[in-house]
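Everything below concerns the one structure shown next.
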Amino acid sequence: MSLIAVGGLLLLVMLLLLSGGVWIAMSLAIAGWVGQAFFTSTLPGKNLFSAFWESNVSWELAALPLFIWMGEILFRTRLSEQMFEGLAPWLNRIPGRLMHTTILGCGIFGSVSGSSAATCATISKVALPELQRRGYDEKLTLGALACGGTLGILIPPSITMVVYAVAADASIIRIFLAGFLPGFLLMALFSLYIGWWSIRNPNKVPAAEADLSFGEKLRRSGSLIPCGLLIVLIVWVLVAGWATATECAAWGVLGALVIAAASRSLTWTNFWEGLMGTTRTSCMIMFILAGAAFLTKTMAFTGIPRELAEWVDSMDLSPYTLIFVLTFVYLILGTALDGISMIVLTSAVVLPMIQKAGFDLVWFGIFVVLLVEIAEVTPPVGFNLFVLQNMTGKDSNTIALAAVPFFLCMIVCIVLITVFPQIVTGLPDLVMGVAR
Numbered sequence: 000m001s002l003i004a005v006g007g008l009l010l011l012v013m014l015l016l017l018s019g020g021v022w023i024a025m026s027l028a029i030a031g032w033v034g035q036a037f038f039t040s041t042l043p044g045k046n047l048f049s050a051f052w053e054s055n056v057s058w059e060l061a062a063l064p065l066f067i068w069m070g071e072i073l074f075r076t077r078l079s080e081q082m083f084e085g086l087a088p089w090l091n092r093i094p095g096r097l098m099h100t101t102i103l104g105c106g107i108f109g110s111v112s113g114s115s116a117a118t119c120a121t122i123s124k125v126a127l128p129e130l131q132r133r134g135y136d137e138k139l140t141l142g143a144l145a146c147g148g149t150l151g152i153l154i155p156p157s158i159t160m161v162v163y164a165v166a167a168d169a170s171i172i173r174i175f176l177a178g179f180l181p182g183f184l185l186m187a188l189f190s191l192y193i194g195w196w197s198i199r200n201p202n203k204v205p206a207a208e209a210d211l212s213f214g215e216k217l218r219r220s221g222s223l224i225p226c227g228l229l230i231v232l233i234v235w236v237l238v239a240g241w242a243t244a245t246e247c248a249a250w251g252v253l254g255a256l257v258i259a260a261a262s263r264s265l266t267w268t269n270f271w272e273g274l275m276g277t278t279r280t281s282c283m284i285m286f287i288l289a290g291a292a293f294l295t296k297t298m299a300f301t302g303i304p305r306e307l308a309e310w311v312d313s314m315d316l317s318p319y320t321l322i323f324v325l326t327f328v329y330l331i332l333g334t335a336l337d338g339i340s341m342i343v344l345t346s347a348v349v350l351p352m353i354q355k356a357g358f359d360l361v362w363f364g365i366f367v368v369l370l371v372e373i374a375e376v377t378p379p380v381g382f383n384l385f386v387l388q389n390m391t392g393k394d395s396n397t398i399a400l401a402a403v404p405f406f407l408c409m410i411v412c413i414v415l416i417t418v419f420p421q422i423v424t425g426l427p428d429l430v431m432g433v434a435r
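Sequential numbering of the sequence shown, starting at 0, is according to numbering that gives the first Met the number 0.
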């Protein structure tokens with residue numbers, strides 16, 4: 000049986016398990032077990048234990064439960080409600096109004112966490128209940144949160160970018176700088192779609208509130224100051240290099256607790272509920288990460304990603320045709336692999352092809368990160384889909400359909416950076432040129 004057929008069989012096994020109601024992490028692990036037991040000579044039991052251990056023993060991953068806890072504190076102490084009340088008067092005249100806070104929140108938080116899962120889980124915990132309470136369209140909200148969460152790996156710093164920089168032997172600073180403008184571009188595309196959708200569907204958007212005077216807007220925005228300062232502080236110390244993402248997450252939790260206590264909205268009950276909610280969400284995400292890690296090992300042992308990359312290399316394509324084909328290859332890999340694994344398993348074959356075609360490796364890094372973002376919302380292994388499924392109880396396919404318009408925005412962003420590569424390379428060239 001060819002490796003491509005093996006990949007198709009494993010995908011079918013996974014889809015059957017998921018449709019049968021088997022836990023997501025177990026479905027991923029069982030598909031990996033089938034692949035190793037029947038199509039490789041390795042021992043699946045030994046690899047299962049090592050994959051589960053290695054996927055969760057990470058200092059960087061320690062930031063995940065801490066950031067989720069910070070979101071739980073903001074949600075359960077009603078600080079999130081105060082934040083939305085402070086923002087509402089300023090967004091009253093913009094089509095989509097408070098819906099834009101999902102994109103802005105994901106962009107800001109993504110720059111702090113560097114993780115798609117942490118961004119999606121934290122912003123969803125804060126924004127989803129509040130937007131539903133105010134009557135915003137649930138489908139649009141789910142799509143915005145699923146795809147907005149992917150900004151965590153595009154806006155620096157990003158673990159995925161670091162992995163690519165190491166694999167490509169490229170400058171990490173240049174790749175970080177290259178991610179800013181595409182990140183802002185993608186945020187703008189998401190917000191433009193939200194505005195366009197709101198104009199087309201005025202009956203599905205809550206009625207605008209009465210206009211307030213400038214002074215009243217400032218008074219209502221006073222509740223934004225503590226949480227706003229907390230976010231600015233976290234971003235500042237991270238960008239300045241004074242703390243790691245995990246240390247920033249710990250300071251974020253402490254800051255959220257202090258603000259909640261000062262506002263007298265922190266009680267032992269909501270403190271305990273927030274802690275238990277954090278534990279459930281973190282365990283769910285880490286369990287899925289473990290299952291995905293085991294499936295990734297299976298893909299590595301079978302050699303399916305390398306087979307796909309070598310097949311593309313054998314075609315001897317023109318530069319832009321190569322990019323077009325690689326887009327589809329990475330989209331296919333994204334249905335079964337996490338982003339970091341996609342990069343690691345294909346870089347040895349793909350990067351020489353890219354250099355031969357004359358593309359800048361820094362530009363290609365952002366191109367790949369955008370494709371990894373798309374993989375985060377592509378069934379059946381779209382990680383953000385799983386996060387929202389477990390947080391909302393909605394089927395992952397329902398969330399995937401809600402994310403389709405934002406998915407298309409990502410495709411538009413990929414097209415724009417391909418046609419205008421200066422969007423990616425302009426800022427690092429400018430900054431590094433001045434530094435010299």
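Cβ atoms here follow ideal geometry from the backbone N, Cα and C, with glycine treated the same way.
The structure displayed is predicted, hence computed values, not measured ones.
Between Thr-280 and Asn-389, the C-beta gap is smaller than 9 Å, which places the two residues in contact.
Looking at the backbone, the Cα of Asp-136 and that of Leu-350 are separated by about 43 Å.
Taken atom to atom, the span from the alpha-carbon of Ile-373 to that of Ser-346 is near 18 Å. For Glu-375, there is no enclosing alpha helix (DSSP H), since its DSSP letter is neither H nor E. The Cβ atoms of Val-423 and Leu-180 sit closer than 9 Å to each other. Here the C-alpha atom of Leu-150 lies approximately 25 Å from the C-alpha atom of Gly-134.
Between the alpha carbons of Ile-230 and Val-430 lies a gap of roughly 25 Å. Check the Cα spacing between Val-165 and each of Ile-342, Ala-61, Ala-242 and Asn-202: the tightest is with Ile-342. Take the alpha-carbon of Met-352 and the one of Ile-172: they are about 23 Å apart. The Cβ neighbour count for Gly-381, taken over all protein chains shown within 10 Å, is at least 16; the residue is labelled buried. Secondary structure at Pro-201: helix, using DSSP grouped into helix, strand and coil.
A residue is called buried once 16 or more other Cβ atoms fall within 10 Å of its Cβ, and Ile-193 is buried on that count.
Residue environment: Phe-327 is assigned as exposed (fewer than 16 neighbouring CB atoms within 10 Å of its CB, all protein chains considered). Going by DSSP, Tyr-135 is part of no alpha helix (DSSP H) at all; its letter is neither H nor E.
Under the three-state reduction of DSSP output, Pro-43 falls in the helix class.
The beta carbon of Leu-16 sits closer than 8 Å to the beta carbons of Met-25, Ser-26, Ile-29 and Ala-30 from its chain, once the five residues preceding and following it are set aside; these are given in chain order. Under the 8 Å Cβ criterion, the region 90-104 counts as touching the region 185-204, having at least three qualifying pairs.
Ser-395: member of the alpha helix (DSSP H) spanning 395-418, first to last residue.
The Cβ-Cβ distance between Thr-320 and Thr-39 does not fall below 9 Å. Rounded to the nearest whole angstrom, the CA to CA distance from Ile-410 to Ile-258 is 40 Å. The alpha carbon of Ile-303 has as its nearest neighbour, out of Gly-106, Tyr-329, Pro-205 and Thr-397, the alpha carbon of Tyr-329. Secondary structure note for Ser-281: its alpha helix (DSSP H) is the uninterrupted segment 267-301. Cα atoms of Leu-217 and Leu-223: separation of roughly 10 Å, rounded to the nearest angstrom.
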